[in-house]
Structures are given as C-alpha cells and as structure tokens.
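In the numbering used here, the protein residues as written are 11 to 372.
Don't be surprised by glycine CBs; every beta carbon is placed ideally from N, CA and C.
Let me begin by presenting the structure, written as structure tokens, before commenting on it.
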Ligand code: PMV
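In structure tokens:
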C-alpha cells in the first residue's frame, strides 16, 4: 500500500456527535528503531513485543461544528485535569494526519486520557497514547467512510496514523509481535505501518514476561525525535541499519524454534547498540545511570549461576526491561526482590507481559 491509499476517496456517512474509547498498550522493541527519514519513515525495520498492562485509555467525544473552520478544536484532559502542555503534540499530530482524516476540522473534540502506569515513571507513554488516539480517530472515520468497514484496513490505517504521531506507536495496536519497516525477507512489511509478525512464533514468546525496573523516573534528557535526528550523518549509521536487517533475519529461526540463548544474544546486543549509537553521536549522550549498569551486571551473574534464561533490554532511558519466560516467573520475581529492587528508584518496578493489543471499550 502507498500513502495515497490512506487518503479517503469519499464520505457518505454523517454523524453529528458521539464518543469512543480505546485502551491501547505500550510496546517494547527487540530490534530497535533508531533513526528516521522525513514523514516518520524508519531508517531500519524493527520488531517489538506488545505489552499488556502498561496502557493508555483515551476517550474522544466529538461534536460537529456548526460551520467547518480552519482550526483543530479540542480540549485535552489528562487524568481528569486540563492539560495545556500536551496540546502542542496533539495539534502537531492532527496537522500531520489532516490529509488522511480531512473530517477533523469539522468537529470539536474533548479528549480524556489516562495511563495505567505512573505518569513520572520514565516510561514513555507516546506509543500507547498515540495509538489510542489514532484508534479513536479511526472509529470516527468508520462512521463516515464505508471503506473502513474492512477490519484489516481499519487496523492498517490506524497504525499508519499512529506512526505519524510517534513512530513506535504504530507497533502498539495488535499483539503479540509486531514488525514495522520494509525488510526484503518479510513479505507485506512496510515503512508505513506495523504488521503482525508473519512467521512462526514459539509458544514461549506468547506469554513472555517484561518486568520494568524503574531506575530513573525523571523526564527524558533527550527527546526521541532529537535522538533519531542524530543518526543523520552518524559515523556508524549505515552499519547499524544493516545490522537491524540482519538481526531480523536471524530472529526468524529463533522465534520459530524458541532458542532462548540466541534470542538473548540478539536482544541484549540490540539494547546496547541503541545506547552505543547515542554515545557515539554528535552531540553524544549517556542515558544509562549507574544503577542501570548495576542491574545489567546482576542479571548476567544470575543467568550465569542459575542458567535461568533472563535478559534485559533498554529504551531511550535508564529503566531496564527484564525479559523472561513465564515459567520462570516465581524465581525471577524472587531475584528481583532480593537483588534488584535496591537499584530501583523508591524500590519501584512494574510487572508486565506480552499482550494482544488495543481494545475498544464502548
Ligand atoms: O517512537 P519514538 O519516536 O519515541 O522512538 C522510540 C524509539 C525506541 O523506543 C528507543 C526504540 C523502539 O524501537 O521503540
């Protein structure tokens, strides 16, 4: 599909007012997206686990304006309170998707949004937030545009819109493994939207656990858009992008067989490569904290001494995602309590696991 295929051809429906609510999860990348071209096109393909518990719930009320106007009109509430500082992001999102959702200026919106995870946890809410909002916009479009009756098209376009809000958001709509970005050996893969991972997936990955160790709950030092831009002219960029393609190739056989040793080697290398890119860009930066490294070393010691297949991954921040199969849950939680909690800010961590994607609530 091409970008033009998402521009609606005609509208036959009409709806004066209503509301829709979607609950959409966050995701954690195994092969990382870092670096983008214009229009939120990723510089390399990525793949992620959709999460289950870290979610954003967004209710969008809409009311047709008496006259269409030249502005996007919306009020934004976060956890019940007016939130003016989130408005520019939504404004930018509406602007970016306007040609694909030309009805937006015909309505006034009241948007209520809340996260299932603590606001200042250092967990980026852009993937869950933008995917939930994109789904709300699509539910309105479904009332207006008969083309959207097709469920497959609905999700493709919702992912396409979510991508324009925040790249990784396009991987949050469905479960359990989502691939985004053109790859020559992955049929149907696209730079424009995420797809369900199309090859065999061993059962072990369908209930994989992700315990998020909150090392630093502060605001991100570097926004991801600044980070992505630093891959332009980065001395190692081309090698890195090629590595992501090759890691996706290797994962095909790993996802099918459930070979955890090989899985761990790729996932940890991807996390460290992401941070290595940040450390070697110009300007350079370090988002890991001393406790991030303490936790990584503890994970390696525990894995070595108990042979339990745990591993870590990182986002663009200091928190550590501890990944492991469900059958090891008890012993790993014990290990976290005994050895890792001490390195978490206020002893906090969030237990999550692989999930099936977004849900419509009304
Ligand atoms: O969606 P963005 O632009 O916030 O980028 C997120 C990039 C990483 O989280 C660091 C990696 C990824 O693939 O999710």
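- request: Specify the secondary structure class of residue 28 as computed by DSSP and reduced to three states.
  value: Working through the chain shown from its first residue, we reach residue 28 at position 18. DSSP places residue 28 within a strand segment (E or B) once states are collapsed to three.
message: Residues in the same chain with beta-carbon distance under 8 Å from residue 289, minus the five sequence neighbours each way, listed in chain order, please.
response: Position 279 of the chain shown, counted from the first residue, corresponds to residue 289. Answer for residue 289: 295 and 296, listed in chain order.
- request: Check the DSSP bridge columns for residue 58 and list the partner residues they point to.
  value: Translated into the one-based positions of the chain shown, residue 58 becomes position 48. DSSP lists 39 and 188 as partners of residue 58.
message: What does the alpha-carbon distance come out to for the pair residue 334 and residue 316?
response: By one-based count along the chain shown, residue 334 stands at place 324. By one-based count along the chain shown, residue 316 stands at place 306. It is roughly 13 Å from the alpha-carbon of residue 334 to the alpha-carbon of residue 316.
query: Taking the beta strand (DSSP E) that residue 330 falls in, what are its first and last residues?
result: To locate residue 330, count along the chain shown from 1; it is residue 320. 330-334 is the span of the beta strand (DSSP E), which, as asked, contains residue 330.
Beta-bridge partners of residue 373, as assigned by DSSP: Only positions 11 to 372 of the chain appear in the structure, and residue 373 is not among them; the question remains open.
field: For residue 202 and residue 51, the rounded distance between their alpha carbons
entry: In the chain shown, residue 51 corresponds to position 41, counting from 1. In the chain shown, residue 202 corresponds to position 192, counting from 1. Roughly 7 Å separates the two Cα atoms.
message: Extract the residue ranges of the beta strand (DSSP E) inside the region 214-277, only unbroken runs of 3 or more that lie entirely within it.
response: Those beta strand (DSSP E) runs which fall completely within the region 214-277 and span 3+ residues are 219-223.
- request: Mind listing, in chain order, the continuous alpha helix (DSSP H) runs of no fewer than 4 residues lying wholly within the region 77-136?
  value: As far as the region 77-136 is concerned, its whole alpha helix (DSSP H) runs of at least 4 residues are 97-107.
message: Nearest by alpha-carbon distance to residue 74: which of 153, 62 and 126 is it?
response: Reading the chain shown from its first residue, position 64 is the one you call residue 74. It is 153.
- prompt: Of all the options 125, 121 and 171, which has the alpha carbon lying nearest to the alpha carbon of residue 49?
  reply: Your numbering for residue 49 matches position 39 in the chain shown. Out of 125, 121 and 171, 171 has the C-alpha closest to the C-alpha of residue 49.
- request: Would you check if the region 319-339 and the region 26-33 touch, i.e. whether three or more CB-CB distances between them fall below 8 Å?
  value: Contact fails: fewer than three Cβ-Cβ distances are below 8 Å.
Residue from 107, 232, 129 and 81 with nearest C-alpha to residue 118: Here residue 118 is taken as the residue at index 108 of the chain shown, counted from 1. Put simply, of 107, 232, 129 and 81 the residue whose alpha carbon is nearest the alpha carbon of residue 118 is 81.
message: Residues in the same chain with beta-carbon distance under 6 Å from residue 370, minus the five sequence neighbours each way, listed in chain order, please.
response: Residue 370 sits at position 360 when you count from the first residue of the chain shown. Cβ within range, chain order: 32.
field: Proximity of residue 365 and residue 185 at Cβ, strictly below 7 Å
entry: What you label residue 365 is simply residue 355 of the chain shown in a count that begins at 1. What you label residue 185 is simply residue 175 of the chain shown in a count that begins at 1. Cβ distance < 7 Å, so residue 365 and residue 185 count as in contact.
query: What did DSSP end up calling residue 206 once you bin it into helix, strand or coil?
result: Here residue 206 refers to the residue found at position 196 of the chain shown. Note: residue 206 maps to strand in three-state DSSP.
query: What separation, rounded to the nearest whole angstrom, lies between the Cα atoms of residue 292 and residue 281?
result: Here residue 292 is taken as the residue at index 282 of the chain shown, counted from 1. Here residue 281 is taken as the residue at index 271 of the chain shown, counted from 1. Distance between the alpha carbons of residue 292 and residue 281 is about 19 Å.
- prompt: Is residue 234 near the ligand PMV, judged by its Cβ being under 6 Å from some heavy atom?
  reply: Walking along the chain shown from the start, residue 234 turns up at place 224. Checking the Cβ of residue 234 against the ligand PMV gives yes.
message: Less than 7 Å between C-beta atoms, sequence neighbours within five positions excluded: which residues of the same chain meet that for residue 127?
response: Mapped onto the chain shown, residue 127 falls at position 117. Within the same chain, 64, 133 and 360 come within 7 Å of residue 127 by CB-CB distance, once the 5 residues on both sides are set aside.
query: Under the three-state reduction of DSSP, which class applies to residue 294: helix, strand or coil?
result: Translated into the one-based positions of the chain shown, residue 294 becomes position 284. In the structure shown, residue 294 sits in coil (DSSP, three-state: anything other than H, G, I, E or B).
field: Distance between residue 91 and residue 211 (C-alpha atoms, nearest Å)
entry: For this step, residue 211 is matched to residue 201 along the chain shown. For this step, residue 91 is matched to residue 81 along the chain shown. Answer to the nearest angstrom: the Cα atoms are 42 Å apart.
query: Does the Cβ of residue 325 lie closer than 6 Å to at least one heavy atom of the ligand PMV?
result: For the purposes of this step, residue 325 is taken as residue 315 along the chain shown, with counting starting at 1. In this structure, the ligand PMV has a non-hydrogen atom nearer than 6 Å to the beta-carbon of residue 325.
field: Cβ neighbour criterion (16 or more within 10 Å) applied to residue 208
entry: The residue labelled residue 208 in the question sits at position 198 within the chain shown. Around the C-beta of residue 208, fewer than 16 other C-beta atoms lie within 10 Å, and the residue is accordingly described as exposed.
- prompt: How close, in whole Å, do the beta carbons of residue 178 and residue 43 come, if the pair is a contact with beta carbons under 8 Å?
  reply: Along the chain shown, read from residue 1 onward, the residue named residue 178 stands at position 168. Along the chain shown, read from residue 1 onward, the residue named residue 43 stands at position 33. The distance from the Cβ of residue 178 to that of residue 43 is about 6 Å, consistent with a contact at the 8 Å cut-off.
query: Do you know offhand how far residue 277's Cα is from residue 77's?
result: Here the question's residue 277 lines up with position 267 in the chain shown. Here the question's residue 77 lines up with position 67 in the chain shown. Rounded to the nearest angstrom, the two C-alpha atoms are 52 Å apart.
- request: Compute the Euclidean distance between the alpha carbons of residue 161 and residue 149, then round it to the nearest angstrom.
  value: Within the chain shown, numbered from 1, the residue matching residue 161 stands at position 151. Within the chain shown, numbered from 1, the residue matching residue 149 stands at position 139. Rounded to whole angstroms, the gap between the alpha carbons of residue 161 and residue 149 is 11 Å.
message: Comparing C-alpha positions only, which one of 61, 228 and 247 sits nearest to residue 215?
response: Against the chain shown, residue 215 aligns to sequence position 205. Distances from the alpha-carbon of residue 215 to those of 61, 228 and 247 put 61 closest.
message: Counting beta carbon pairs with one atom in the region 185-199 and one in the region 250-262, are three or more of them shorter than 8 Å?
response: Contact between the region 250-262 and the region 185-199 is present, because at least three Cβ pairs lie under 8 Å.
message: What does DSSP give as the partner residue(s) for residue 70 in the beta ladder?
response: Taking the first residue of the chain shown as 1, we reach residue 70 at position 60. The beta-bridge partner set that DSSP reports for residue 70 consists of 30 and 121.
- prompt: Is the distance from the Cβ of residue 246 to the Cβ of residue 53 below 7 Å?
  reply: On the chain shown, residue 246 is found 236 positions in, with the first residue counted as 1. On the chain shown, residue 53 is found 43 positions in, with the first residue counted as 1. For residue 246 and residue 53, no; Cβs fall outside 7 Å.
query: residue 12: buried (16+ other C-beta within 10 angstroms of its C-beta) or exposed?
result: One-based indexing of the chain shown puts residue 12 at position 2. It is exposed - the Cβ of residue 12 has fewer than 16 other Cβ atoms within 10 Å.
- prompt: Can we count residue 56 as close to the ligand PMV, meaning its CB is less than 6 Å from some heavy atom?
  reply: Taking the first residue of the chain shown as 1, we reach residue 56 at position 46. Because some heavy atom of the ligand PMV lies under 6 Å away, the Cβ of residue 56 counts as near it: yes.
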